[in-house]
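**Student:**
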Amino acid sequence: MTTTMNIDVHYVTRVEGHGNIVVNVKNGTLEDCRLDIVETPRFFEALLRGRPYTEASHIASRICGICAVGHATASLRATEQALEVHPSEQTRLLRKLMFDAEILDSHILHTYMLVAPDFYKLGSVIALASVEPEAVSRALRVKKLAGDVCATIGGRHTHPITMTVGGFTHLPTVEEIQTLRTRLEDSRKDLDDTVALFKTLPWPQFERETEYIALTKPDEYAFIDGTIASTEGGHYETADYLRVTNEYLLPHSSAKRTRHQRGSYMVGALARFNLNFEHLHPRAKDAAAEFGMKPTVKNPYLNSAAQVIEMVHCVEDAINVCNELIARGIHTEALPKFAGKRGVGVGACEVPRGTLYHDYEIGADGKIVSANCIIPTGQNLANLEADMHKLVPEIIDQGEEQVTSALEMLVRAYDPCISCSVHWLNIQFV
Amino acid sequence: MKPKVAFFDLTSCEGCQLTVIDSLQTHFGLLDVVEIVQFREALSGGNDDYDIALVEGSIASESDEARLKAIRDKAKVLVALGACAHIGGINAIKNLSPLDEVRWSVYGDEADWFEASATRPLDAIVRVDAFIPGCPIDRIEFIEVVKAMVRGKKPPIPDYPVCMECKLKENVCVFDKGGFCLGAITRAGCDAVCPTYGAGCEGCRGLVSKPNQGAMRSALAEHGLAADLIAARMTMFCAHEISKA
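Note that the protein sequences, when read in sequence, are chains A and B. Residues in the first sequence are numbered consecutively from 1, following our numbering. Residues in the second sequence are numbered consecutively from 1001, following our numbering.
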């Protein structure tokens, strides 16, 4: 059949940042199909250059309003590697607890507020509140819990205050951790109800052979540190991240793209699910069974389902971390002093949208000499466009409105953070 | 009739709009007193018929500037939402270096592919009727501002320094604990959240209207902060304001 189609979605809604979907089909042939990134660059690596290392994590957290804890943590890990600072077990546990909470917070926002309205053919979570009031109040309730966990430890949810090189400037009390543990335990029913709701949604059927990349650890579902693993095989130290990411630029996007063994790869909840399934908490594995999901899942729309599974995991992991902290007690710890030595370091974390790398060189004067950072959304862009190229011809007979809707849902499924993706690009200072 | 409200984001992390969404956790009734007609990050559809525009983000390109002017033309009331819109914020650090160098350092030979200009707050381009300071905005303060605006009143933003709130909380002074703090010249309203959590004020809410910058610099120097680090601290959020003064 002869089809001509011009889709131009200016500023995709319900995503973080500014992107446009552009599709041109002429006489049945797909001529153009892409996601334009039209966010104004913020030049974060240039902002960091010359600043004292003590400011880095506070500046870096401003890259993203959703995953501020993730950027702060990756920034601190890069600085700590560079300065040879080794955080204590207490610091490691408190960061892990904040990370669990931020993943939970971000995934609630994405699944309930940005993705779910599509399945009800509604424009927003506000409209959803009138047809599914209990679901929306559940989302707000769990989101508040996640935010309160971050605020109890970090002083504030968005852009945490207390996280610093080698530790924290303020510590929660054991009583505060006990209160959080009780609230986390009480949230299990909300998580069960979340699984029950999302497993009934009509997830679009679409698959494409894809390379998935995530951090991995031998003994836990990795969020902070680890080694880089690919579903195509191979393990890399985080310091060797450039061998995995291989960035390149395209004129229609102010974000750099990446490729590894295939033309593109995917990071995020689905990649973590596919690579680290065995380390999910048993309750999260049960949730996966409810969705009928087991590795390797190749439907990108199910990234949102993998997020629901991770939410279950993160609540259980947070409860376990609370138990450990309560058993150990909370102790004041001295923060490290700057040794006056030059160093380089890479920090890597699995933030809600995938693998995040911060790479710093810090001078003997304690100032940042150079910075490089690679953001999950930048890594996903090429893969998202590859999915768009396969998807459009498969559904083109359904008409422009359907194709537009399917593409918007696909973009949302990747949970792009476009503000983030243009903040950091590969950089060489001379 | 409920006022029609639209949210816009220019160059920012969108954390202030997320704080707006988070304010619904405790104040879902906000939706009863205003009608949200546009909020790209959270809802599809919408229209351009609005009374109040809340704009997050700073101006960092010609497109940003054009968008802001178009918003100003339509809005009866324009509110700067958060530090980037209010004072330029973190994004204004780049103004401390020549723009060409900044562009080249990030994009190299492809620098010309992407538009960029010096970072400015909204009121450098258009008239701004009110501002909600902070990085990010304070959730409680945001709710108070909405309450004031729907009653036609001016938002209750303090013009005294963070130090006052910090004293009321009976915090030990950050300087006395060996740290460094801009609380003496920074606009209050955050409940001194950073000093309360063991960190010095970084100035994210902008300066009070008559800041004694000289005395602040002297205090930092007397407590042992080197001149280059004083400059860094003073320009973390306030690079635009400091360069103006």
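Cβ atoms here follow ideal geometry from the backbone N, Cα and C, with glycine treated the same way.
Closer than 8 Å by beta-carbon distance: list the chain A residues that pair up with V1102(B), in chain order.
**Tutor:** Locating residue 1102(B) in the second sequence gives position 102, where the first residue counts as 1. Per Cβ cutoff of 8 Å: F43, A46.
**Student:** Please identify, using Cβ separations under 8 Å, the residues of the segment 51–80 of chain A that lie next to chain B, in order along the chain.
**Tutor:** The residues in question are R51, P52, E55, H58, I59, R62, I63, C64, G65, I66, A68.
**Student:** Curious, which full-length alpha helix (DSSP H) runs of at least 4 residues does the segment 284–360 of chain A contain?
**Tutor:** List check, alpha helix (DSSP H) in window: 303–328.
**Student:** My output table needs one value for M266(A): the three-state DSSP class, helix, strand or coil.
**Tutor:** By one-based count along the first sequence, residue 266(A) stands at place 266. M266(A): strand per DSSP, three-state reduction.
**Student:** Quick one: which residues of the segment 1233–1245 of chain B get their C-beta closer than 7 Å to a C-beta of chain A? List them in chain order.
**Tutor:** So the close ones are M1236.
**Student:** Does the Cβ of R1139(B) have 16 or more other Cβ atoms within 10 Å, making it buried, or fewer, making it exposed?
**Tutor:** In the second sequence, counting from the first residue as 1, residue 1139(B) sits at position 139. The residue is buried, with at least 16 neighbouring Cβ atoms inside 10 Å.
**Student:** Among the residues of its own chain, which have a CB less than 8 Å from the CB of E1247(B), if the five just before and after it don't count?
**Tutor:** Because chain B is modelled from 1001 through 1245, residue 1247(B) falls outside the range shown and cannot be assessed.
**Student:** Is it buried or exposed for N323(A), if we count other Cβ within 10 angstroms and need 16 for buried?
**Tutor:** Sequence index remark: in the first sequence, residue 323(A) carries index 323 (1-based). Exposed is the call here.
**Student:** What residues from the segment 1053–1067 of chain B come within 8 Å of chain A, judged by C-beta to C-beta, listed N to C?
**Tutor:** Those would be A1060, S1061, S1063, D1064, in chain order.
**Student:** For E220(A), which residues of its own chain have a beta-carbon under 7 Å away from its beta-carbon, when the five flanking residues on both sides are left out?
**Tutor:** One-based indexing of the first sequence puts residue 220(A) at position 220. Here the set comprises H279.
**Student:** Throw me the rounded Cβ distance for the A288(A) and G1015(B) pair, which I believe falls under 8 Å.
**Tutor:** Sequence index remark: in the first sequence, residue 288(A) carries index 288 (1-based). Sequence index remark: in the second sequence, residue 1015(B) carries index 15 (1-based). Their Cβ separation, rounded to whole angstroms, is 31 Å, which puts A288(A) and G1015(B) out of contact at 8 Å.
**Student:** Run through DSSP, which three-state label would C417(A) get?
**Tutor:** Position 417 of the first sequence, counted from the first residue, corresponds to residue 417(A). Looking at C417(A) - three-state DSSP - the assignment turns out to be strand.
**Student:** Anything in chain A within Cβ reach of R1040(B), meaning under 7 Å, just list it in chain order.
**Tutor:** Numbered from its first residue, the second sequence carries residue 1040(B) at position 40. Y11, T13, listed in chain order.
**Student:** I want to verify the contact list: residues of chain A whose CB lies under 7 Å from the CB of Y1197(B), in sequence order.
**Tutor:** Residue 1197(B) sits at position 197 when you count from the first residue of the second sequence. Correct list: G155, I161, T162, T169, H170.
**Student:** Beta-carbon within less than 8 Å of K367(A)'s beta-carbon, same chain only, minus the 5 sequence neighbours each way: which residues are those?
**Tutor:** On the first sequence, residue 367(A) is found 367 positions in, with the first residue counted as 1. For K367(A), where only same-chain residues beyond five positions count, the Cβ hits under 8 Å are G50, R51, P52, Y53.
**Student:** Does any residue of chain A have a CB that is nearer than 8 Å to the CB of S1023(B)?
**Tutor:** In the second sequence, the residue the question calls residue 1023(B) occupies position 23. With 8 Å as the cut-off, S1023(B) does not count as an interface residue toward chain A.
**Student:** Ignore the nearest five residues each way along the sequence and tell me which others in C1163(B)'s own chain have a CB closer than 7 Å to its CB.
**Tutor:** Here residue 1163(B) corresponds to residue number 163 of the second sequence, with the count starting at 1. Correct list, in chain order: G1183, A1184.
**Student:** Kindly give me the distance between the Cβ atoms of A284(A) and V312(A), rounded to whole angstroms, as I take these residues to be in contact under 8 Å.
**Tutor:** In the first sequence, counting from the first residue as 1, residue 284(A) sits at position 284. In the first sequence, counting from the first residue as 1, residue 312(A) sits at position 312. Contact holds; Cβ gap of about 4 Å.
**Student:** Would T1186(B) pass as an interface residue toward chain A - the criterion being a Cβ-Cβ separation below 8 Å?
**Tutor:** By 1-based counting over the second sequence, the position of residue 1186(B) is 186. No, T1186(B) does not count as interfacial toward chain A.
**Student:** From F429(A) to V174(A), what distance separates their C-alpha atoms?
**Tutor:** The residue you call residue 429(A) lines up with position 429 of the first sequence. The residue you call residue 174(A) lines up with position 174 of the first sequence. Here F429(A) scores only 25 on pLDDT, less than 50, and its place in the model is too uncertain to base an answer on.
**Student:** In whole angstroms, give me the CA-to-CA distance for R62(A) and T29(A).
**Tutor:** For the purposes of this step, residue 62(A) is taken as residue 62 along the first sequence, with counting starting at 1. For the purposes of this step, residue 29(A) is taken as residue 29 along the first sequence, with counting starting at 1. Going by the C-alpha atoms only, they are around 42 Å apart.
**Student:** Considering R77(A), what are the terminal residues of the alpha helix (DSSP H) in which it resides?
**Tutor:** Position 77 of the first sequence holds residue 77(A). First-last of the alpha helix (DSSP H) with R77(A): 68–83.
**Student:** For R181(A), count neighbouring Cβ atoms within 10 angstroms of its own Cβ and tell me buried if that reaches 16, exposed if not.
**Tutor:** Indexing the first sequence from 1 puts residue 181(A) at position 181. Classification for R181(A): buried.
**Student:** Is G19(A) closer than 8 Å to I461(A) when the C-beta atoms are compared?
**Tutor:** Summary: the structure shown does not reach residue 461(A), with chain A confined to residues 1 through 430, and so no result is reported for it.
**Student:** Kindly indicate the opening and closing residues of the alpha helix (DSSP H) around M1164(B).
**Tutor:** Sequence index remark: in the second sequence, residue 1164(B) carries index 164 (1-based). Start and end: 1162–1168.
**Student:** State the DSSP-derived secondary structure class of L1081(B), mapped to helix, strand or coil.
**Tutor:** For the purposes of this step, residue 1081(B) is taken as residue 81 along the second sequence, with counting starting at 1. Here L1081(B) sits in strand by DSSP.
**Student:** Taking all protein chains shown into account, do 16 or more other C-beta atoms lie within 10 angstroms of the C-beta of H331(A), making it buried, or fewer, making it exposed?
**Tutor:** Here residue 331(A) refers to the residue found at position 331 when the first sequence is read from its first residue. When all chains shown are included, H331(A) counts as exposed.
**Student:** Would P416(A) and N380(A) qualify as a contact pair, given that the criterion is a beta-carbon distance under 8 Å?
**Tutor:** Taking the first residue of the first sequence as 1, we reach residue 416(A) at position 416. Taking the first residue of the first sequence as 1, we reach residue 380(A) at position 380. Result yes, Cβ atoms of P416(A) and N380(A) sit closer than 8 Å.
**Student:** Of all the CB atoms in chain B, is at least one closer than 8 Å to the CB of T40(A)?
**Tutor:** By 1-based counting over the first sequence, the position of residue 40(A) is 40. T40(A) counts as touching chain B.
**Student:** Identify each residue in the segment 103–123 of chain A for which the Cβ-Cβ distance to at least one residue of chain B is less than 8 Å, and report them in chain order.
**Tutor:** So the close ones are L109, M113, L114, P117, G123.
**Student:** When you compare each of A382(A), L391(A), R353(A), M5(A) to F223(A) by their alpha carbons, which one comes out closest?
**Tutor:** The residue given as residue 223(A) occupies position 223 in the first sequence. Looking at the Cα atoms, R353(A) is the closest of the given residues.
**Student:** Can you tell me the Cα-Cα spacing of C1135(B) and M5(A), whole angstroms?
**Tutor:** By one-based count along the second sequence, residue 1135(B) stands at place 135. By one-based count along the first sequence, residue 5(A) stands at place 5. Roughly 43 Å between the two C-alpha positions.
**Student:** Indicate the three-state DSSP secondary structure (helix, strand or coil) for P1136(B) in the structure shown.
**Tutor:** Here residue 1136(B) refers to the residue found at position 136 of the second sequence. Coil.
**Student:** In whole angstroms, what separates the C-alpha of A306(A) from that of A269(A)?
**Tutor:** Position 306 of the first sequence holds residue 306(A). Position 269 of the first sequence holds residue 269(A). Going from the Cα of A306(A) to the Cα of A269(A) covers about 6 Å.
**Student:** Quick one: list the residues of chain A neighbouring V1193(B), beta-carbon separation under 9 Å, in chain order.
**Tutor:** Your numbering for residue 1193(B) matches position 193 in the second sequence. Within 9 Å Cβ-Cβ: G155, R156, I161.
**Student:** For D397(A), count the other beta carbons within 10 Å of its own beta carbon; 16 or more makes it buried, fewer makes it exposed. Which is it?
**Tutor:** Counting from 1 along the first sequence, the entry for residue 397(A) is found at position 397. Exposed: under 16 other Cβ atoms inside 10 Å.
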